[in-house]
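Q: Protein chains in written order, with this note's numbering: chain W, 1 to 292; chain X, 293 to 380.
For each residue, glycine too, the CB sits at the ideal point set by N, CA and C.
Small disclaimer: the values here were computed from a predicted structure and weren't measured.
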């Protein structure tokens with residue numbers, strides 16, 4: 001379960017070597033926007049060495065690489081694939097053809113470096129109008145694609161929209177990427193909340209993202225990790241209710257019924273599926289999620 | 293790898309190291325570090341290992357270390373060498 005994915009600037013040794021202390025479920029070592037153009041070479045070597053030295057990190061590692069159209073892309077892939085991060089995040093992905101080229105490049109590098117075929121997944125970053133329009137074909141085009149991430153800052157610029165904390169301007173994009181990912185059967189992650197000092201804001205934004213169907217949320221500050229983790233962690237009330245749902249439907253089945261009333265509301269298959277999913281998530285976090 | 297010019301990599305921020313590589317005859321390593329007394333020998337060893345791996349036989353290497361780990365030192369030395377060798 002990836003509730004929070006924390007961006008770590010790729011050219012900052014202090015943050016790289018302490019990446020696993022912030023409580024994020026995944027960290028994203030960033031070789032793209034967080035690195036100055038004339039420091040790409042140094043950041044690539046630093047991230048490579050950090051990955052090599054920190055094989056026993058207690059957190060999943062994602063590496064954000066430079067866009068396919070740049071010279072840095074192939075150098076990033078060649079340097080990073082031998083260290084076998086869980087996921088590579090290609091940026092500004094616009095269509096499925098682009099994913100096919102990226103996937104082939106990763107596959108070639110896996111073969112050359114003796115990495116098991118398909119061991120490294122892709123988490124495409126959709127941050128252009130074209131990328132959002134093509135979200136479903138991107139999400140479903142390659143088994144290597146394990147999830148998609150919405151990038152709202154570049155997207156808002158591309159849309160010529162005014163970026164706001166409330167996010168009305170990205171509501172359509174949020175719905176679109178969730179729909180696309182769920183239809184393709186993969187995970188989907190929300191854009192970061194960019195006001196580092198607004199703790200109430202990040203909490204509300206993360207709760208909205210969960211309500212919309214996102215699996216988790218990217219984070220640009222360690223200070224936001226706890227609020228995002230909390231928003232995507234099943235609450236005690238939710239766990240209790242989910243367990244009641246499963247008990248109720250079991251009793252209904254014993255009586256030959258497909259639906260039953262619980263707390264004044266009808267419980268049927270979609271409610272049961274949701275309860276099972278919630279308990280699975282709770283269990284993966286070490287909470288009391290065992291089915292009754 | 294031949295060192296053609298002077299080049300640097302890294303910063304003077306905490307946990308980092310600023311490495312400067314210049315043309316020279318044989319290998320010379322000069323280290324300034326906030327942890328020189330405790331780790332000076334290990335830092336030199338990391339520098340020499342990295343130079344050897346990159347097949348650098350002639351260079352003057354200066355480090356101003358702010359408490360970098362070995363993996364950071366090796367990365368910064370390699371970046372400076374590649375820049376000085378026209379490889380980056």
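CA-CA distance, residue 305/X and residue 97/W?
A: 41 Å
Q: Between the alpha carbons of residue 101/W and residue 216/W, how many angstroms are there, rounded?
A: 27 Å
Q: What's the C-alpha gap between residue 192/W and residue 74/W?
A: 27 Å
Q: Tell me whether residue 207/W sits in a helix, a strand or coil according to DSSP, three-state version.
A: helix
Q: What does residue 356/X pair with, by DSSP beta-bridge criteria?
A: 310/X and 324/X
Q: In chain W, which residues lie with their C-beta within 9 Å of the C-beta of residue 305/X?
A: 12, 13 and 14
Q: Going along the chain, which residues of its own chain have a beta-carbon closer than 6 Å to the beta-carbon of residue 380/X, five neighbours each way excluded?
A: Annotation note: pLDDT 48 at residue 380/X (below 50); position unreliable, no value reported.
Q: Might you give, ordered along the chain, the residues of its own chain that have their beta carbon closer than 6 Å to the beta carbon of residue 292/W, omitting 5 neighbours on each side?
A: 243, 246 and 247, listed in sequence order.
Q: Please classify residue 132/W: does DSSP put it in a helix, a strand, or coil?
A: helix
Q: Do we get a CB-CB distance below 8 Å when we pair residue 361/X with the residues of chain W?
A: Chain W, which has a Cβ nearer than 8 Å to the Cβ of residue 361/X, makes this yes.
Q: Count the other CB atoms, across all protein chains shown, that sit within 10 Å of the CB of residue 249/W; report buried if there are 16 or more and exposed otherwise.
A: Classification for residue 249/W: buried.
Q: Is the CB of residue 46/W under 8 Å away from at least one CB in chain X?
A: Closer than 8 Å to some Cβ of chain X, the Cβ of residue 46/W qualifies, so yes.
Q: Distance, Cα to Cα, residue 72/W vs residue 105/W?
A: In this structure, the CA atom of residue 72/W is about 13 Å from the CA atom of residue 105/W.
Q: Roughly how many angstroms separate the alpha carbons of residue 4/W and residue 319/X, rounded to a whole number?
A: Cα to Cα, the separation comes out at about 46 Å.
Q: Residue range of the alpha helix (DSSP H) that residue 269/W falls in?
A: 269–284
Q: Across which residues does DSSP place residue 298/W in a beta bridge pair?
A: For residue 298/W there is no data in the structure shown, the boundaries of chain W being 1 and 292.
Q: Please classify residue 116/W as buried or exposed, where buried requires at least 16 other C-beta atoms within 10 Å of its C-beta.
A: exposed
Q: Starting from residue 187/W, trace the beta strand (DSSP E) in both directions and tell me its first and last residue.
A: 187–190
Q: Jot down the residue ranges of each uninterrupted beta strand (DSSP E) in the region 147–194 of chain W, minimum 3 residues, whole runs only, in chain order.
A: 147–150 and 187–190
Q: So that I know if they touch, is there some Cβ in chain W lying closer than 8 Å to that of residue 380/X?
A: Here the model assigns residue 380/X a pLDDT of 48, short of 50, so the residue's position is not dependable, and the following value carries that caveat. So, interface residue.
Q: How about residue 127/W and residue 154/W: are their beta carbons less than 8 Å apart?
A: At a Cβ-Cβ threshold of 8 Å, residue 127/W and residue 154/W count as neighbours.
Q: Please list, in chain order, the residues of the region 23–50 of chain W that have any C-beta partner in chain X closer than 8 Å.
A: 41, 42, 45, 46, 48, 49 and 50
Q: Please determine if the region 353–367 of chain X and the region 24–41 of chain W are in contact, where contact requires at least 3 C-beta pairs separated by less than 8 Å.
A: no
Q: Strictly by DSSP, which residues pair up with residue 261/W?
A: Answer by DSSP bridge pairing, in chain order: 266/W.
Q: Does any C-beta atom of chain X lie closer than 8 Å to the C-beta of residue 52/W?
A: yes
Q: Alpha carbon to alpha carbon, how far is residue 152/W from residue 348/X?
A: Near 45 Å, if we compare the C-alpha coordinates of residue 348/X and residue 152/W.
Q: Tell me the DSSP bridge mates of residue 126/W?
A: 150/W
Q: With which residues is residue 145/W paired in a DSSP beta bridge?
A: 122/W
Q: Within 8 Å of any Cβ in chain W, is that where the Cβ of residue 364/X sits?
A: Judged by the 8 Å Cβ criterion, residue 364/X is in contact with chain W.
Q: Buried or exposed: where does residue 130/W fall if 16 or more other Cβ atoms within 10 Å of its Cβ makes it buried?
A: exposed
Q: Looking only at C-alpha atoms, which of 2/W, 1/W and 41/W sits nearest to residue 10/W?
A: Residue 41/W is the option with its Cα nearest to residue 10/W.
Q: Check whether the Cβ of residue 354/X lies closer than 8 Å to any Cβ atom in chain W.
A: no
Q: Indicate the three-state DSSP secondary structure (helix, strand or coil) for residue 216/W in the structure shown.
A: strand
Q: Sort out for me which residues DSSP pairs residue 319/X with in a bridge.
A: In the DSSP output, where bridge partners are listed per residue, residue 319/X has 351/X.
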